[in-house]
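Student: Residue numbers for the sequence shown follow this note's numbering, so the first one is 5 and each next one is one higher.
Ideal placement from N, C-alpha and C gives every residue a C-beta, glycine not left out.
Keep in mind it's a predicted model, so treat the numbers as computed, not measured.
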Amino acid sequence: MKKIFPFFLIILFVACQNEPSFEGIWLGNAYEMDKEVYVPIPRLMIANKDGSFNAYTIDQADSNWTNWEIKNKTLQIDTTKFDSAFYSFDQESFTFNGPFKAFFQRLAQAKPIDIKQFEQHLIQNTWESEFDQIEFKSDTDVIIKNKQTGYIEKACWGITLAEGHTFLIKKGNHIDCTGNYRFPELVISTDETQFKVKRWQNDSWKTITYNKVKSTTSDFLSEDFQLCNPYLYRGNPLHRYYYKGTFYKGGIYTINKLLNQFYKVPLNAKESGLIKIEFIVNCQGIPGRFSMMQFDEDYQLKEFSTEISEQIFEFTKSLKDWNAGQNDKKEAIDTYRFLTFRIKHGQVVEIFP
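Next comes the structure, spelled out in structure tokens:
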């Protein structure tokens with residue numbers, strides 16, 4: 005027994021040494037809005053050993069410190085308490101289990117990066133990973149092409165040093181550089197032909213390798229339509245069309261009037277049913293990202309003749325006088341809309357939103 009007791013002391017000591025601590029630097033990764041749908045958390049949390057705590061947007065350091073502690077498995081930050089069901093963490097990651105899960109990554113010791121040299125390598129060059137292709141047009145402008153969807157977006161970029169770590173930041177949109185952060189990228193290595201970052205990609209924290217590539221102008225021909233919010237999601241109640249008051253100037257009356265001038269009933273048309281066109285009206289009142297669904301009179305999927313469906317689709321795309329929706333702060337935002345056309349024997353007899 006005397007020989008076994010010291011052995012248990014050793015096990016207990018090792019277990020205590022390996023127990024994860026909340027102390028450290030945590031990089032915000034993503035909120036989980038829905039299954040496989042994530043939006044960025046561009047924030048850092050710093051929990052120091054002395055109990056001091058700070059959290060701020062990654063490129064906007066904040067000097068307002070508060071305190072943290074974990075007592076009886078309850079995490080307290082300032083005056084807010086989170087019981088053990090609301091959070092979990094290990095040596096590498098931290099999760100808030102709120103209405104939307106929030107994922108954070110513990111940052112290891114920083115690796116020194118020559119920021120000036122890195123900037124020089126990036127500007128006026130095109131870089132490609134397995135997920136996207138990016139072109140740094142100037143010291144502020146970047147064009148991002150999603151290789152999966154083919155969508156091209158304009159944004160702003162910068163390199164930020166925070167808590168000893170180097171981050172590549174992309175934010176803003178085609179209008180300005182305010183807000184709309186993309187997933188923050190921790191720079192881990194760089195040279196003239198390649199750089200590597202760590203960021204949230206799809207559903208986890210990944211190392212992404214970018215290689216310098218040659219590009220042509222056609223690689224980045226930007227569509228006229230641009231989202232103001234790159235993470236607009238139709239399943240998010242805050243983004244659904246009926247919350248925001250997006251409307252066409254003149255209403256359905258004007259849309260009907262324009263349709264009568266545009267639509268030609270095909271000869272001998274006998275088809276009936278509904279055609280639903282869904283699209284997005286961005287914060288400038290510009291429509292885009294059109295899609296179409298077609299139904300018979302029993303709401304079963306069907307295909308109309310192209311003489312009918314293509315006219316309806318092109319007509320909807322031709323409507324340009326949309327008024328952008330607004331959020332609770334009266335700011336213009338992107339919203340989803342749709343128009344449904346009821347067809348009787350080839351004629352449009354009703355349009356409803």
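1) In whole angstroms, what is the alpha-carbon distance linking Arg-346 and Lys-306?
2) Can you tell me which of the three DSSP states Ser-322 falls into?
3) What did DSSP end up calling Lys-77 once you bin it into helix, strand or coil?
4) Do Phe-140 and Tyr-35 have their C-beta atoms within less than 8 angstroms of each other?
5) Does DSSP classify Phe-17 as helix, strand or coil?
6) Quick one: is His-169 buried, meaning 16 or more other Cβ sit within 10 Å of its Cβ, or exposed?
7) Is the beta carbon of Tyr-252 closer than 8 angstroms to that of Gln-315?
8) Along the chain, where does the alpha helix (DSSP H) that runs through Ile-259 open and close?
9) Which residues does DSSP pair with Ile-360 in a beta bridge?
10) Closest by CA to Tyr-340, which one among Glu-301, Ser-322, Ser-295, Phe-308?
11) Which residue comes first and which comes last in the alpha helix (DSSP H) that contains Ile-119?
12) Which one or two residues does DSSP pair with Gly-239 in a beta bridge?
13) Would you kindly work out how many angstroms separate the C-alpha atoms of Thr-153 and Asp-136, rounded to a whole number?
14) Round the Cβ separation of Ser-92 and Tyr-214 to the nearest angstrom and send it over; I've been treating them as touching at under 8 angstroms.
15) Sort Asp-82, Ile-279, Ile-62, Thr-78 by Cα distance to Asn-71 and report the nearest one.
16) Taking DSSP's pairing of strands, which residues face Ala-34 in a bridge?
17) For Phe-26, which three-state DSSP category applies?
18) Mind checking who Thr-339 pairs with in its DSSP beta bridge?
19) Would you call the CB atoms of Thr-194 and Phe-98 closer than 8 angstroms?
20) Answer yes if the segment 275-290 comes into contact with the segment 255-262, meaning at least three C-beta pairs across the two stretches below 8 angstroms, and no otherwise.
21) Provide the residue(s) that pair with Pro-291 in DSSP beta bridges, ordered along the chain.
22) With distances taken between CB atoms, is the gap from Trp-161 to Gln-109 smaller than 8 angstroms?
23) If you draw a straight line from the alpha carbon of Phe-12 to that of Pro-24, how long is it in whole angstroms?
24) Assuming contact is defined by CB atoms lying nearer than 8 angstroms, are Asn-58 and Ile-45 in contact in what I supplied?
25) Let me confirm a value: Gln-21 is counted as buried when at least 16 other C-beta atoms fall within 10 Å, else exposed. Which label applies?
26) In this structure, how does DSSP classify Glu-354 when only helix, strand and coil are distinguished?
27) Using only alpha-carbon positions, find the residue among Phe-342, Pro-291, Arg-238, Asp-207 that is nearest to Ala-106.
28) From the DSSP output, in three-state form, read off Thr-310 for me.
29) Nearest by alpha-carbon distance to Asn-240: which of Lys-39, Asn-33, Asn-272 is it?
30) Would you tell me roughly how many angstroms separate the C-alpha atoms of Ile-119 and Asp-145, rounded to the nearest one?
31) Per DSSP, what kind of secondary structure is Gln-315 in: helix, strand or coil?
Tutor: Taking the geometry as given:
1) The C-alpha of Arg-346 lies about 14 angstroms from the C-alpha of Lys-306.
2) Looking at Ser-322 - three-state DSSP - the assignment turns out to be helix.
3) In the three-state reduction of the DSSP assignment, Lys-77 falls in the coil class, being assigned neither a helical nor a strand state.
4) At the C-beta level, Phe-140 and Tyr-35 stay beyond 8 angstroms of one another.
5) Confidence in Phe-17 is poor, its pLDDT being 44 and thus under 50, which makes the residue's placement unreliable; the coordinate value appears in the next sentence. Helix at Phe-17.
6) Burial call: buried.
7) No; because the gap between Cβ atoms is not below 8 angstroms, this pair is not in contact.
8) Ile-259 -> alpha helix (DSSP H) spans 255-266.
9) Here the chain has residues from 5 to 357 only, and residue 360 is not among them.
10) Residue Ser-295 is the option with its Cα nearest to Tyr-340.
11) If you look at Ile-119, you'll find it in the alpha helix (DSSP H) that goes 119-126.
12) DSSP, once it has assigned bridges, lists no residue as partnering Gly-239.
13) Thr-153 and Asp-136: Cα-Cα distance of roughly 10 angstroms.
14) Between Ser-92 and Tyr-214 a beta carbon distance of about 32 angstroms is seen, past the 8 angstroms cut, so the two are scored as non-contacting.
15) Nearest of Asp-82, Ile-279, Ile-62, Thr-78 to Asn-71, Cα basis: Asp-82.
16) Its beta-bridge partners are Pro-44, Phe-107.
17) Coil at Phe-26, not helix or strand.
18) BP columns for Thr-339 point to Val-285.
19) Their beta carbons are not under 8 angstroms apart, which means Thr-194 does not touch Phe-98 by this criterion.
20) By the Cβ test, the segment 255-262 is not in contact with the segment 275-290, since fewer than three Cβ pairs between them sit closer than 8 angstroms.
21) In DSSP, Pro-291 forms a bridge with Val-285.
22) Going by C-beta atoms, Trp-161 is not nearer than 8 angstroms to Gln-109.
23) In this prediction, Phe-12 has a pLDDT of 46, which is less than 50 and means its spatial position is unreliable; nothing more can be read from the coordinates.
24) Ile-45 sits away from Asn-58, with the two beta carbons spaced by 8 angstroms or more.
25) Caution applies to Gln-21, whose pLDDT of 49 falls short of 50 and renders its modelled position unreliable; the model cannot decide the point.
26) It is a strand residue.
27) With distances taken between Cα atoms, Ala-106 lies closest to Asp-207.
28) Judged by DSSP in its simplified three-state form, Thr-310 adopts helix.
29) For Asn-240, the closest C-alpha among the options Lys-39, Asn-33, Asn-272 is that of Lys-39.
30) Going by C-alpha positions, Ile-119 is about 17 angstroms away from Asp-145.
31) Look at Gln-315 here: in three-state DSSP terms it is helix.
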